[in-house]
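Asker:
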Amino acid sequence: MTSVSQQALGPDLDTDDAAGALLDDLTAHDLLVDASTRRRAEYSYDASNYRVPPLAVVFPRNADEVALTARLCHRHGVPIIARGGGTSMAGNAIGAGIVIDLSRHMRTVGVVDADARTVTADAGVILTELAAQVRTRTDGRLTFAPDPSSASRATLGGAIGNDACGNHSVRHGRTSDHVEALHLVTSDGLRLTATRTGVHATEPDDTEATSRATELTEALRDLVGRNLAILRTDLDTIPRQVSGYHLSHLLPEHGFDVARALVGSEGGCAIVTSAVVRLVPVPTSQLLLCVGYRSVADAARDVPAILPFEPSAIEGIDRKIATTMAARRGPETVAGLPDGDAWLFIDLDDTSAAAQSAVDVPATIDRLLAELRAVGRMVDATVVSDPTVRSSLWRVREDGAGLSARLITEDHTHESWPGWEDAAVAPDRLADYLVDFERLLDEHGLTGVMYGHFGAGCMHVRITFDLRTHEGRAVMRRFCTDAAHLVVSHGGSLSGEHGDGRARSELLPIMYSPEMLRAFDDFKRLWDPSGLLNPTAVVEPAPITADLALAEVPNRAWIDAGSVTQQGSTPTGSLDSFIHSVQGCIGVGRCRTSSGGVMCPSYRATRDEKDSTRGRARVLQEMVRTVPTVESGWRSTDVADALDLCLSCKACSTDCPTGVDMATYKSEFLDHHYHRRLRPASHYSLGWMPAWLPLATAAAPLINRSMSVPSLRRMAARLGGLDARRAMPAFAARREVRTHLAPLPAVTDTTDTVLFVDTFTRAFRPQVATATARLLGATGDSVGCRSDACCGLTWISTGQLSRARKTLAHTAEILDDGTDRPIVVPEPSCAAALRKDLPDLVDTAAARRVSARVHSVASIVGHLLDAGFTPTGLPAAVTLQTHCHEYATFGARTGAQVLSRLGVQVRTADGCCGVAGNFGFERGHYDVSVAVAEHALAPALRAHATTPVVTDGFSCAMSVEHLTATDPLINATGIHLAELLAPQPTAPDTHGGSA
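Numbering (my numbering), first residue to last: 13 to 1007.
1. On the premise that R418 lies in contact with T670, defined as a C-beta separation below 8 Å, what is that separation, rounded to the nearest angstrom?
2. Our contact map puts A1055 next to G599 with C-beta atoms below 8 Å; I'd like the distance itself, whole angstroms only.
3. Look at the Cβ atom of L196, then the Cβ atom of I283, and state whether they are nearer than 8 Å.
4. List the whole-angstrom C-beta distance separating V437 from H502, where the pair is believed to meet the contact cut-off of C-beta under 8 Å.
5. Beta-carbon within less than 8 Å of H41's beta-carbon, same chain only, minus the 5 sequence neighbours each way: which residues are those?
6. Indicate whether C803 and T823 have their beta-carbon atoms separated by less than 8 Å.
7. Pick out whichever of I326, P323, S324 and D353 has its Cα sitting closest to the Cα of A334.
8. Quick check on H261: does DSSP put it in helix, strand or coil?
9. Compare the C-alpha of A163 against each of A952, T605 and P755 and name the closest.
10. May I have the straight-line CA-CA distance separating V78 from E220, to the nearest angstrom?
11. For E192, which of helix, strand or coil comes out of DSSP?
12. Using the Cβ count rule (16 or more neighbours within 10 Å means buried), how would you classify S941?
13. Relative to the alpha-carbon of P66, which residue among P72, I93 and R87 has its alpha-carbon at the smallest distance?
14. Quick check: what's the CA-CA separation for L820 versus S809?
15. For S364, name the three-state secondary structure that DSSP assigns.
16. Evaluate the contact criterion for the stretch 307-320 versus the stretch 223-232: three or more CB pairs, one atom per stretch, below 8 Å.
17. Kindly indicate the opening and closing residues of the beta strand (DSSP E) around Q298.
18. Would you mind sorting A573 into buried or exposed? The rule is 16 or more other CB atoms within 10 Å of its CB.
19. What does A287 pair with, by DSSP beta-bridge criteria?
20. Going by Cα to Cα distance, which pick from D667, E621, T666 and R637 is closest to L655?
21. Please list, in chain order, all residues of the same chain as D125 whose beta carbon is under 8 Å from its beta carbon, the five residues on each side excluded.
22. How big is the Cα-Cα spacing for D361 and L349?
23. F768 lies in the beta strand (DSSP E); which residues open and close that run?
24. When the Cβ atoms of the stretch 313-327 are set against those of the stretch 182-190, are three or more pairs found closer than 8 Å?
25. Is the stretch 95-110 in contact with the stretch 543-550, if contact means three or more CB pairs nearer than 8 Å?
26. Determine the closest residue to L1014 out of H947, P951, G929 and G907, with distance taken between C-alpha atoms.
27. DSSP three-state label for I826, please.
28. Are at least three pairs of beta-carbons, each pair with one atom in the stretch 878-895 and one in the stretch 956-970, less than 8 Å apart?
29. State the Cα-Cα distance for the pair D653 and K678, rounded to the nearest angstrom.
30. State whether the stretch 191-209 contacts the stretch 291-299, with contact taken as three or more CB pairs (one from each stretch) at a distance under 8 Å.
31. Note down, one range per segment and in chain order, each alpha helix (DSSP H) of at least 4 residues found wholly within the stretch 415-479.
32. Taking the CB atoms as reference points, tell me whether P757 and G796 lie closer together than 8 Å.
33. Mapping DSSP to helix, strand and coil, what is H184?
34. When DSSP labels each residue in this structure, what does P851 get in the three-state scheme?
35. Using the C-alpha atoms, what's the distance from R860 back to T584?
36. Per the contact definition of three or more C-beta pairs closer than 8 Å, is the stretch 236-254 in contact with the stretch 473-491?
Set out below in structure tokens:
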């Protein structure tokens, strides 16, 4: 990454002498800079509608490197775009110059002063990580208040840049309300510190910076003096007036607060490298009141009645989001919602004046409910005290942006986009604004999905714009212009949280007078005379329809029809469908989180955008463009590089709010990429495993002994494209396979349950098949066994789809027996392949019928318990490693819920095991594989050394085995859930109803 050539710059940039000279300069100063076409693709987007390829990306390790980068860019006249988590929905984090990614290395949380209630932190620290560290260091007493829905991946610097707010802003306000000081780098590389009383040099002996601070102070005071009247009358008129610059903080009555004046300047005045921010007390008692209404306008009309009760949050969603959540993640995810078509989420706690103690909180809710019932608009209400249910319901609200991007209704799926995303009005005018706004949507033939911060009057709306056509983009322009006039007529702000960016800056003349716009321009020029910092935000904006990402999508001209495996066929139906599917990523960035869910294991290991689901999706999106920055077509080495560390865990298909399924995209890409080409050795050794496993079983004793000899193991690994540090699993010998499988009865017409013995179970863990048979027969049902087919998983994961389709078609044919009796598969990944991949790859009624009957062991146990099965001899606690494919296909908590139901304490290792099928065995993946295991599994095994470890997945069991062999603090053996729960065998063991 520290070596850059001009040839790597991509179209039209490799002939730019200034660009080449700057890149040479950056490299010569040992800065981490990457100008590769793949990297530029990853950073061409944020979470907005826009796309602008940068010249290169710099990853500074500290503030000095930020200053050095700025000096070099200033010397060469190249723009700078400071970037945090890249979650901007207004296009604030993209640009044509040098992107400085502060989130990669600058993530330190510094001094926490509990007495002063402040913390100093780097700009790149993630908001949830900042809050967690503060809580830890203050014994749970204090936290950082701003909590936007993107807090698990948004950075402190990004929150400062946009003046982010969050779900609890009705109590805690905006980020600007919590800033004490900002450590800055100017556009020419000077280091200054802005405080609540002025600006000074960060280093006292820096004479140049001191001189600049003096000049700035004089100029800023002059700016205020010339604009006193409009600064007092036109700014801070509503709680969420985020549009423009926050110059009112410079007024004398506010103490010349330069720090807070810079909050919300979107990186256009200076680069924030770190900040001192205020902390707030953590409530010790919280209850969620969820209230249902017939419309969002009805919900908004109740807000003024709710505010006197001093809740910490008043958030809202509409029916469309709840319907999509239920369709995508299961109806249980919204089961806690009361009756209604729109809902308010009202948090009350013991830090408000209305409820000064934990005892007062329920009483406060009772009084509030009585008030709302008297008003008469509410339909139903639910008080939620259980933390798990509370968290689940908040997840519906927090995933609103992603969920609403691909809405699911009874008839079809709708796309919706930001653009007019977060306008705000005074809370008491919100209902009237929404009525007028819905009328405006109807006039333009658009549909809006509504959610947001009702208590602060800020409404997030994603709209069904057609961004792919000229006509659709023209509608967007007309609508946004009309919407700007509408919100201004209600005394509101174009932006209430996300900033103006590329989405709204052009419309600011509708909201502000020419005098105020001149004041904004003057403020920008005082800080950034050359106009190099994020040059299109707020002042001198680009048109709102310029640089729209979908303007050049779709296009199929790059596709070589001869390279298509089956003409016009992909897992999602057609090549057009593939192009459309990869556009599903809208940049929400949940794949960049460090906790919660499973996505994205490789990003959590490397912290590199390249290894996030979003980064991969962006490179794929570039591949299908009319004029891409990456190599076009299926042969793209950029895309192959981006996909290399994808574990194909499928977690993104569940965890990503828009349902991005990178495992499927990877499989499709690999299929075309290697068409009629030599594949990596592992695609033959592991990809064709089902074909050669019978021979391995026959020669198991010899192979197992050979693999215990280091030199032979290394040779075999080299030939097979594997890493010799990862020991190959021991093959079950033919006698062992016969011992376990031969007694299992065949499927007959009277069989109640079909046991499908998958390839992995048959070859490596045949005893699991025996245990599963006993488990399934424990209620008296008869069990029949099929072991003569394959799910095709290894061909799917290595992108050999023609073979996978043939294999799955055969499997569907033999399993489609005209019944609806369940098919239970011991290996979760094979069960998931039959449930999900079978109907995707084989478009037949038989495939769909078979898919609907497939269960994993964990998903069938609940039915057995309902039928009266009661296992005995269970341990008091277990460590549960849920297989990623089980997680994605059969439910994140399926196994945990079953064990909890049986009274077993479940300690979950929430995350991928790191082996992930063939990934952890392949050469080049070992280090990442081990790092992934260190995220959750390895720490869990160390913390609970004597607890049984449930590993239904063979990969998970291999990871546990490897960790035990390589870590002296770990001594564990994986056990399948069937082995844990199945009744002990009796003689004779029929494995049917009498077992």
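Cβ coordinates follow ideal geometry from the N, Cα and C atoms, glycine included.
Answerer: Straight from the coordinates:
1. The residue labelled residue 670 in the question sits at position 658 within the sequence shown. The residue labelled residue 418 in the question sits at position 406 within the sequence shown. That belief holds up - the Cβ atoms of T670 and R418 are roughly 5 Å apart, short of 8 Å.
2. As displayed, the chain neither begins before 13 nor continues past 1007, which places residue 1055 out of reach and without an answer.
3. Counting from 1 along the sequence shown, the entry for residue 196 is found at position 184. Counting from 1 along the sequence shown, the entry for residue 283 is found at position 271. Against a cut-off of 8 Å, the Cβ pair of I283 and L196 comes out as a contact.
4. Within the sequence shown, numbered from 1, the residue matching residue 437 stands at position 425. Within the sequence shown, numbered from 1, the residue matching residue 502 stands at position 490. The Cβ separation is near 5 Å, so the contact holds.
5. Along the sequence shown, read from residue 1 onward, the residue named residue 41 stands at position 29. Cβ neighbours of H41 beyond the five flanking positions: L80 and L84.
6. Residue mapping note: residue 803 aligns to position 791 of the sequence shown, counting from 1. Residue mapping note: residue 823 aligns to position 811 of the sequence shown, counting from 1. In this structure, T823 lies closer than 8 Å to C803 by Cβ.
7. The residue labelled residue 334 in the question sits at position 322 within the sequence shown. Nearest of I326, P323, S324 and D353 to A334, Cα basis: D353.
8. Locating residue 261 in the sequence shown gives position 249, where the first residue counts as 1. In the structure shown, H261 sits in a helix (DSSP, three-state: H, G or I).
9. Stepping through the sequence shown from its first residue, residue 163 is reached at position 151. Selected option, being the one with the closest Cα: T605.
10. On the sequence shown, residue 78 is found 66 positions in, with the first residue counted as 1. On the sequence shown, residue 220 is found 208 positions in, with the first residue counted as 1. When rounded, the distance between both Cα atoms is 17 Å.
11. Start at 1 with the first residue of the sequence shown, and residue 192 comes out as number 180. DSSP places E192 in strand when its eight states are reduced to three.
12. Locating residue 941 in the sequence shown gives position 929, counting from the first residue. Buried.
13. As a working mapping, residue 66 is identified with position 54 in the sequence shown. Considering only alpha carbons, the answer is I93.
14. Along the sequence shown, one-based indexing puts residue 820 at 808. Along the sequence shown, one-based indexing puts residue 809 at 797. Straight-line Cα distance between these residues: approximately 14 Å.
15. Start at 1 with the first residue of the sequence shown, and residue 364 comes out as number 352. S364: strand per DSSP, three-state reduction.
16. no
17. Position 286 of the sequence shown, counted from the start, is the residue given in the question as residue 298. Where Q298 is concerned, the enclosing beta strand (DSSP E) stretches over Q298 to Y305.
18. To locate residue 573, count along the sequence shown from 1; it is residue 561. A caution first: A573 carries a pLDDT of 33, below 50, which makes its placement in the model unreliable, though a value can still be read off. So A573 counts as exposed.
19. What you label residue 287 is simply residue 275 of the sequence shown in a count that begins at 1. A133 and L194.
20. Indexing the sequence shown from 1 puts residue 655 at position 643. The shortest C-alpha separation from L655 is found at E621.
21. For the purposes of this step, residue 125 is taken as the residue at position 113 of the sequence shown. So the qualifying residues of the chain are V131.
22. Your numbering for residue 361 matches position 349 in the sequence shown. Your numbering for residue 349 matches position 337 in the sequence shown. Using only the alpha carbons, I get a separation of about 20 Å.
23. For this step, residue 768 is matched to residue 756 along the sequence shown. Taken as a continuous stretch (DSSP letters only), the beta strand (DSSP E) holding F768 covers T765 to F768.
24. yes
25. yes
26. As shown, the chain starts at 13 and ends at 1007. That puts residue 1014 outside it, with no answer to give.
27. Position 814 of the sequence shown, counted from the start, is the residue given in the question as residue 826. Three-state DSSP puts I826 in a helix.
28. yes
29. Looking up residue 653 in the sequence shown gives position 641. Looking up residue 678 in the sequence shown gives position 666. Near 11 Å, if we compare the C-alpha coordinates of K678 and D653.
30. no
31. 442-455
32. As a position in the sequence shown, residue 757 is number 745, starting the count at 1. As a position in the sequence shown, residue 796 is number 784, starting the count at 1. Yes, the pair counts as a contact, with Cβ atoms nearer than the cut-off.
33. Working through the sequence shown from its first residue, we reach residue 184 at position 172. Of the three classes helix, strand and coil, the one that applies to H184 here is helix, per DSSP.
34. Within the sequence shown, numbered from 1, the residue matching residue 851 stands at position 839. DSSP places P851 in helix when its eight states are reduced to three.
35. The residue given as residue 584 occupies position 572 in the sequence shown. The residue given as residue 860 occupies position 848 in the sequence shown. Because T584 carries a pLDDT of 39, less than 50, the predicted location of this residue cannot be relied on, and the following value inherits that uncertainty. About 14 Å.
36. no
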